[in-house]
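Take a look at the structure set out below.
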Amino acid sequence: MRKRMLAYLKYIDQILSYDLDVTSSFSDDGEFGERLVKDAVPTRKDYEKLLQYHLDHISFFQHERLIHLLVTILFAILTFAVFFVMLFTMLSGESLSIGLFVLFIALMILLIPYIRHYYLLENGVQKMYKQYDEILKRIRI
795 MRKRMLAYLK YIDQILSYDL DVTSSFSDDG EFGERLVKDA VPTRKDYEKL
845 LQYHLDHISF FQHERLIHLL VTILFAILTF AVFFVMLFTM LSGESLSIGL
895 FVLFIALMIL LIPYIRHYYL LENGVQKMYK QYDEILKRIR I
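Be aware that the sequence shown starts at 795, since it is given in our numbering, and climbs by one per residue.
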């Protein structure tokens, strides 16, 4: 997902900087079309198609972001729950369970990449909103 999002953001940035033709295609593996043909001026219709295509991708990445937010929150709650169980176990004078400690470490190891991935999705979608605004400006001109 990371590779696809970064490739898509680059694809739209190149279109908006006139390095790629508005009608160039973006494939599922993150590859995109040809360089801009000299003197090819994008039409309003081209930008409207690009806008719809971009809205579809925004919707897709928003859904992905929501799912990862829910998973990240679940892992954070589980991690803190295990931490507090370990803390109360130690405060009550009992010995610390190795199983709880291993579970806590495993959850922490999973939580950190989930947070990093959610961060990428959140910032990527925010950038897509800015790209959307730029496409709208070009349609209105």
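Yeah, the Cβ is synthetic: ideal placement off N, Cα and C, and Gly gets one too.
Per-residue DSSP class, three states only, for residue i
{"i": "L814", "result": "strand"}
Proximity of residue i and residue j at Cβ, strictly below 8 Å
{"i": "M922", "j": "I852", "result": "yes"}
{"i": "M795", "j": "E858", "result": "yes"}
{"i": "I909", "j": "T873", "result": "no"}
{"i": "F855", "j": "G918", "result": "yes"}
{"i": "L904", "j": "F869", "result": "yes"}
{"i": "M880", "j": "L863", "result": "no"}
Spatial distance of residue i from residue j (CA atoms)
{"i": "A875", "j": "K804", "result": "40 Å"}
{"i": "E916", "j": "R932", "result": "25 Å"}
{"i": "Y926", "j": "L849", "result": "8 Å"}
{"i": "F882", "j": "H911", "result": "32 Å"}
{"i": "L930", "j": "I906", "result": "36 Å"}
{"i": "R934", "j": "D815", "result": "19 Å"}
{"i": "L800", "j": "D807", "result": "11 Å"}
{"i": "G887", "j": "I871", "result": "25 Å"}
{"i": "S843", "j": "I861", "result": "Correcting the residue type first, residue 843 is Lys in the shown sequence and not Ser. Their backbone Cα atoms lie some 28 Å apart in a straight line."}
{"i": "Y847", "j": "L914", "result": "21 Å"}
{"i": "L845", "j": "L885", "result": "58 Å"}
{"i": "S811", "j": "L897", "result": "49 Å"}
{"i": "E928", "j": "K797", "result": "23 Å"}
{"i": "Y802", "j": "I899", "result": "35 Å"}
{"i": "Y841", "j": "Q920", "result": "20 Å"}
Note down, one range per segment and in chain order, each beta strand (DSSP E) of at least 3 residues found wholly within the stretch 877-912. As summarised for the stretch 877-912, there are no continuous beta strand (DSSP E) elements at least 3 residues long confined to that stretch.
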